[in-house]
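Chains as they are written, first to last, in my numbering: chain A, 1 to 324; chain B, 1001 to 1324.
Here the structure comes first, spelled out in structure tokens, and everything after it is commentary.
Number of protein chains: 2
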Amino acid sequence: MVTLKQLSKELGVSISTVSKALSDSFEISERTKKKVLALARKYNYRPNNVAVNLRAKSTKTIGVIIPNIFNHFYTKILSGIEQEAKRNNYKVIVSISNETVSSEKEGISFFSNGSVDGILLAPSEETEKLGNYKHISALHQKEIPFVLFDRYSEKLNSDKVIINDFDSAKKTVKYLINKGREEIVVVSLIKHLSVGELRKKGAFDASKKITLLEFEKEEELEEAFLKLIKRKRIDAVLALDELSGIITLNIARTVAFRIPEELTIISFSQGVLSEYSYPKLSTINQHAKEIGENSVQLLLTRLKNKEASYKTRIIKTALEIHQT
Amino acid sequence: MVTLKQLSKELGVSISTVSKALSDSFEISERTKKKVLALARKYNYRPNNVAVNLRAKSTKTIGVIIPNIFNHFYTKILSGIEQEAKRNNYKVIVSISNETVSSEKEGISFFSNGSVDGILLAPSEETEKLGNYKHISALHQKEIPFVLFDRYSEKLNSDKVIINDFDSAKKTVKYLINKGREEIVVVSLIKHLSVGELRKKGAFDASKKITLLEFEKEEELEEAFLKLIKRKRIDAVLALDELSGIITLNIARTVAFRIPEELTIISFSQGVLSEYSYPKLSTINQHAKEIGENSVQLLLTRLKNKEASYKTRIIKTALEIHQT
DNA sequence: ATGAAAGCGCTAACAG
DNA sequence: CTGTTAGCGCTTTCAT
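In structure tokens, the structure reads:
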């Protein structure tokens, strides 16, 4: 990489003259500017980012800690983050926690050395399970601004971007009841997540008369659901996560349920899974991309004003019913 | 963030003493080391990464340009990259090209200012379509090492990590023939990708008697495949990409094909889609994670020795047949 | 209109 | 064993 020093030497002017010329300073004569610009272009000069960062004491980089990159929901959030960051001339560094506390800590420490201006973070499942958020709140001491997205805790004081899980589940159950569905089953594989808890509460807030199937492992859910539908007539399923939705769908089909005529399945999701399932699953779309975009916006706002009070943005969900 | 300067001031020693003490230099007395370490811990001192980078003229960061983050295949590669990078104490910056030349160029220029030590890149679909790789080979002039993964071109001289697409397709068709399948259909939605071309050639190299359905849009493929199976008996499908596989599967089921008894479907894939399809699709697993890991390894090797000749690593595929 | 010098935070060669 | 100094590449203040 060519540097200001090299350019200045070749042009026989000082480094500062070259620097000023390149930033089109009024202090520099047109003639010199032309000369400098020409040579800079010839060598494809680009200011060394690291040096600029050191000088500016800012990196124009956002660190993202994401629990799981195989989950299409987070992938969409990441895409929203990346786009919004780029739009604001920020770079994005990614660290994947794989739902473990240890990787999450690693990621945080990875970012806590001036590599990033701020952090976007969705706590790992393990973190939520243990309820220990000290490694995250430690960012406050380090004065590294951060924004939580999707998952959060009352224990954590910070900006956050979330969806209205409680309301979404409640509204969906109400919708099912309105449609005349009477035997509603709620299935879930995300027992340990804060969002799972909220959705469950929302569903039960709409109706006490709900059967709950909540498990940690896919096979357990499969077994339980199969047993249930053999024993009892049901006509609606609300899946609190996409995987539960797909599993329920596939099992219902093996026992020849007509879907959605005999059995309505609605699933929280943002996935390819539901899109390419057969038949297409009805979903509660979580607008993942907007979650990502809003997280970036909140963080950039925070970077501009570190003293402002913490803000929460709630991204609305949309119920998408597929009749086919 | 606390700096060496601040520590040195509080301790009443010089900056370099603090620096040396923290790196456990033999030049420093045990007593001083203890004192320094204690204060450093108290303030949670971490060397400023940007300053270290400037000094070291290396960023310990890898830039990744990925065509599409919604494709599970690339997501897995990214995960492999991230893990292998972390294992070697490198950070990962991500830029998503969305299969467009313009975003790809943006990404490259984004990285070409000293932000990264090297680049990992899978060219966008548009780039492959246009056959113009100048913006990529320009990295050679800029002396930024890069490694291509998954997609590549003869026009590009570089390290690369690829799968043996030609052989995999060929072997799969042979497998089908061995199993007594006679009417084989090859379906594809990745006409414009170099890998699509290779897979197609491989399939035809195993048998000339193949029906080819190749389209750009999902609907076109759906229509054509439906028409075909109504007109003619077929007993095997090789899908060159996962989407084609799923679409074929869903259509075959609407017309009540028994799968895999009557119709074998095998698909190139690395997806959740095939895993949670019903019935489970048989797949040609591309070991995406290994592609990611190998890309990082090749790049790090290159960083150590910029003069070595270019290497190509071929990641083997595995045929995974599901009987259910 | 141009240049010299300082300083961002760090490391390391050199001096004492 | 500790300190001084230089320099990574850049921007900016302050001379000239």
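Using N, Cα and C, we set each Cβ at its ideal position, and we do this for glycine too.
If you're wondering where the values come from, they're calculated on a predicted model, not measured in any experiment.
Review point. Can you tell me where the beta strand (DSSP E) with residue 1238 of chain B in it begins and where it stops?
Key: Judged by DSSP secondary structure, residue 1238 of chain B falls within the beta strand (DSSP E) whose first and last residues are 1236-1239.
Exercise for review: Using alpha carbons as the reference points, say which of A/236, A/68, A/119 and A/235 lies closest to residue 60 of chain A.
Suggested key: A/119
Check your understanding: Run through DSSP, which three-state label would residue 1112 of chain B get?
Key -> coil
Exercise for review: Express the C-alpha separation of residue 1305 of chain B and residue 1262 of chain B in angstroms, rounding to a whole number.
Suggested key: 54 angstroms
Check your understanding: Pairing CB atoms from the region 61-71 of chain A with CB atoms from the region 276-288 of chain A, are three or more of them under 8 angstroms?
Key -> Verdict: no, contact absent.
Point to revise | Contact with chain B by residue 47 of chain A, beta-carbon distance below 8 angstroms | key: So yes, residue 47 of chain A belongs to the interface.
Check your understanding: Closer than 8 angstroms, CB to CB, is residue 200 of chain A near chain B or not?
Key -> no
Check your understanding: Taking buried to mean at least 16 other C-beta atoms within 10 Å of its own C-beta, is residue 1323 of chain B buried or exposed?
Key -> exposed
Exercise for review: Excluding the 5 residues preceding and the 5 following residue 196 of chain A in the sequence, name in chain order all residues of the same chain whose CB lies nearer than 6 angstroms to its CB.
Suggested key: 188, 190 and 240
Point to revise | Collapsed DSSP secondary structure at residue 204 of chain A in the structure displayed | key: Reduced to three states, the DSSP call for residue 204 of chain A is helix.
Review point. Is the distance from the Cβ of residue 115 of chain A to the Cβ of residue 107 of chain A below 8 angstroms?
Key: no
Check your understanding: Ordered along the chain, which non-local residues of its own chain (more than five positions away) have a Cβ less than 7 angstroms from that of residue 290 of chain A?
Key -> 80 and 315
Practice item. Could you pull the start and end residues of the beta strand (DSSP E) that residue 1146 of chain B belongs to? Key: Per DSSP, residue 1146 of chain B belongs to the beta strand (DSSP E) from 1146-1149.
Exercise for review: List the endpoints of the continuous beta strand (DSSP E) containing residue 19 of chain A.
Suggested key: Careful: residue 19 of chain A lies outside any beta strand (DSSP E), inside the alpha helix (DSSP H) at 15-22.
Practice item. Could you spell out the range, first to last residue, of the beta strand (DSSP E) harbouring residue 1285 of chain B? Key: Its beta strand (DSSP E) spans residues 1282-1285.
Exercise for review: Closer than 8 angstroms by C-beta to residue 234 of chain A: which residues in its own chain qualify, once you throw out the five before and the five after it? Chain order, please.
Suggested key: Closer than 8 angstroms at the Cβ level, and outside the excluded window around residue 234 of chain A, lie 183, 184, 185, 211, 228 and 263.
Check your understanding: Which value, in whole angstroms, describes the spacing of the CA atoms of residue 21 of chain A and residue 33 of chain A?
Key -> The alpha-carbon atoms of residue 21 of chain A and residue 33 of chain A are separated by roughly 5 angstroms.
Check your understanding: Nearest-angstrom Cα distance between residue 90 of chain A and residue 231 of chain A?
Key -> 56 angstroms
Practice item. Answer with yes or no whether the minimum CB distance from residue 70 of chain A to chain B is below 8 angstroms. Key: yes
Point to revise | First through last residue of the alpha helix (DSSP H) which encompasses residue 1222 of chain B | key: 1218-1231
Practice item. Provide the residue span of the beta strand (DSSP E) that contains residue 214 of chain A, from first to last. Key: Looking at the DSSP string, the run of the beta strand (DSSP E) that includes residue 214 of chain A is 210-214.
**Study point:** Cβ contact (3+ pairs, closer than 8 angstroms) linking the region 1283-1303 of chain B and the region 1251-1260 of chain B
**Key:** Note that the region 1283-1303 of chain B does not touch the region 1251-1260 of chain B; fewer than 3 beta-carbon pairs, one per stretch, sit closer than 8 angstroms.
Check your understanding: Short check: CB of residue 93 of chain A to CB of residue 1321 of chain B, under 8 angstroms?
Key -> No, Cβ-Cβ distance for residue 93 of chain A and residue 1321 of chain B is not below 8 angstroms.
Point to revise | Proximal residues, the region 295-307 of chain A versus chain B, C-beta separation under 8 angstroms | key: For the region 295-307 of chain A, which is checked against every Cβ of chain B, not one residue is closer than 8 angstroms.
Check your understanding: Does the distance from the C-beta atom of residue 76 of chain A to that of residue 297 of chain A stay below 8 angstroms?
Key -> no
Exercise for review: Drop a sphere of 10 angstroms on the beta-carbon of residue 217 of chain A, count the other beta-carbons inside from all chains shown, and report buried for 16 or more, exposed for fewer.
Suggested key: exposed
Exercise for review: Determine the chain A residues that contact residue 1253 of chain B at a beta-carbon separation under 9 angstroms, and present them in chain order.
Suggested key: Chain-ordered, the chain A residues with CB closer than 9 angstroms to the CB of residue 1253 of chain B read 278.
Practice item. Check the Cβ-Cβ distances between residue 239 of chain A and every residue of chain B, and say whether any is below 8 angstroms. Key: no
Check your understanding: Expressed to the nearest angstrom, what Euclidean distance is found between the alpha-carbon atoms of residue 237 of chain A and residue 265 of chain A?
Key -> 5 angstroms
Point to revise | Beta-carbon proximity list for residue 160 of chain A, same chain, < 6 angstroms, skipping 5 on both sides | key: 148, 152 and 312
Point to revise | Where residue 1313 of chain B sits in the DSSP three-state scheme | key: Of the three classes helix, strand and coil, the one that applies to residue 1313 of chain B here is strand, per DSSP.
Review point. Distance, Cα to Cα, residue 207 of chain A vs residue 128 of chain A?
Key: 27 angstroms
Practice item. Classify residue 32 of chain A as helix, strand or coil using the three-state DSSP reduction. Key: helix
Point to revise | Neighbour flag for residue 1059 of chain B against chain A, beta carbons, 8 angstroms | key: Cβ-Cβ to chain A under 8 angstroms: yes for residue 1059 of chain B.
Exercise for review: Note the first and the last residue of the continuous beta strand (DSSP E) segment covering residue 61 of chain A.
Suggested key: 61-66
Check your understanding: In chain order, what residues of the same chain lie with their CB nearer than 6 angstroms to the CB of residue 1150 of chain B, ignoring the 5 residues before and after it?
Key -> 1122
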